[in-house]
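Student: At position 77 of the sequence shown (counting the first as 1) the number is 77 in this note's numbering, and the numbers step up by one without a gap. A virtual CB, placed ideally from N, CA and C, is assigned to each residue, including glycine. Remember, it's a predicted structure, so these values are computed and weren't measured experimentally. Following this message is one structure expressed as structure tokens.
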Amino acid sequence: MPERPKNVVVLGSTGSIGRSTVEVISGSCGGLRAYALSAHGNTQVLLEQAKKLRPRHIIVTDSRAAAHQDWSELPPGVNLLIGAEAIADVVASPEVGIVVSAVVGSAGLHGTWAALAAGKTVALANKESLVIGGALITQLARNHGAAILPVDSEHSAVFQALQAGRADEVHRVILTASGGPFRTFSREQLESVTVAEALEHPTWDMGRKITIDSATLMNKALEIIEARWLFDLRPDQIGVVIHPQSIVHSLVEFIDGSVIAQMSVPDMKLPIQYALSWPERKQGLVQRLNWEQAMRLDFEPPDFERFSALRLGLEVAEAGGTAGAVLNAANEAAVEAFLGGALAFRDIVPLVHDVLKHHDFDPNPTLDQLLAADRWARQEALRWVSA
Ligand code: MG
């Protein structure tokens, strides 16, 4: 007897991860069904996705964008909802099997929170949810018996490798980093990097924000914090290794010295599919590694001097409290300023460092206090830019 399809909600379906998730659902041979899709302002892509997948609901969180879109081609039976408030109701529906949290940035926290509060399994692509509110989010998941499954490729790799042993047998995890487009740049060369150069990622095709974060290695800093919460690790159990080919997606070192790695071609559809089909594996949609061809894998230690964001990641993972919210918000503001031509590449990480240094640290913040720290850090970052 064919199993019933799993109903999927995709929050942020028009972004890079969202579009890949739509491909995974389309390629699932009926195993997965889009129950709802949400987008902020990219209503044209959302409409095309709705025509293809025929979800029960689509949600547009930007009401102005919704008002400007011609919805006459929306298939009958697809319910259009407007405003972020609709998310909590939709994810809580008893029909929903899993929620993919794929909104970019701190805006994704709301959806992650709503899904976990409804006791739903969350396939988490929005690493900011854990960077900002790791302690509260993991507590919320425990309180509601909700699972958080990683979609981030490194964390999916760790999640898969962890299945080779028990939690108390883990010595440490090692996150791989491609090193980004400036891996071999000297300090002097890093001084004059342009937006176009920073948007040229050597191995992964991603959205603009995360591509810049990969160039500064701030993305790896965020992933250190994400790993700390996702796998309940001490920060000293998290290492980073530069691996330019992006074939090994991360590694787990066990107490006996065995290291288990997960490998594949770099394609986000694989970790998305694994999260959506877990605990099973399904026929892959992704190109396989070619073992008939010579292949070379390089690993080198990261340079904490040229890429000081890594140090910030370890410090914030250790500090907890409001530090993650401040790091993330300051970085979001800095990246936006860089993309807008108002900030030099070399100043992104120093800006984040300064904002972190000046913030009024609270070790046990509430959600409201985290959101307040986020707002404060954005204002501070803007002040830094205009100073
Ligand atoms: Mg990643």
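Taking the DSSP output, what are the residues bridged to R33?
Tutor: N7
Student: Please determine, among G145, H144, K220, E188, the residue with the shortest C-alpha to C-alpha distance to G180.
Tutor: It is K220 whose Cα lies nearest to the Cα of G180.
Student: Which full runs of the beta strand (DSSP E) of 3+ residues lie inside the stretch 158-215, going along the chain?
Tutor: 170-177
Student: Can you check which of these residues, R166, L109, E226, R281, is closest to S258 by C-alpha distance?
Tutor: R166
Student: Is it true that the stretch 333-345 meets the stretch 242-261, where meeting means three or more beta-carbon pairs spaced less than 8 Å apart?
Tutor: Short answer: they don't touch.
Student: Sorry if obvious, but does the Cβ on D205 come closer than 7 Å to a heavy atom of the ligand MG?
Tutor: Flag unset: Cβ of D205 not near the ligand MG.
Student: When the Cα of I272 is compared with those of H68, A65, Q160, which residue comes out closest?
Tutor: Per the C-alpha coordinates, the member of H68, A65, Q160 positioned closest to I272 is Q160.
Student: Roughly how many whole angstroms lie between the Cα atoms of N126 and G31?
Tutor: When the Cα atoms are used, N126 and G31 turn out to be separated by approximately 24 Å.
Student: For T112, which residues of its own chain have a beta-carbon under 7 Å away from its beta-carbon, when the five flanking residues on both sides are left out?
Tutor: S101, V122, L124, N126, S129, I137.
Student: Short of 7 Å in beta carbon distance, which residues of its chain neighbour S63, apart from the five on each side in sequence? Order them along the chain.
Tutor: I82, G83
Student: I'd like the span of the beta strand (DSSP E) that includes F254, first residue to last.
Tutor: 248-254
Student: Quick check on H57: does DSSP put it in helix, strand or coil?
Tutor: strand
Student: D354 to W384, Cα distance in whole Å?
Tutor: So the alpha carbons of these two residues sit roughly 9 Å apart.
Student: Count the other CB atoms, across all protein chains shown, that sit within 10 Å of the CB of Q413; report buried if there are 16 or more and exposed otherwise.
Tutor: One cannot answer for residue 413 here, as it falls past the ends of the chain, which runs 1 to 387.
Student: Run the proximity test for D360: is its beta-carbon closer than 7 Å to any non-hydrogen atom belonging to the ligand MG?
Tutor: no
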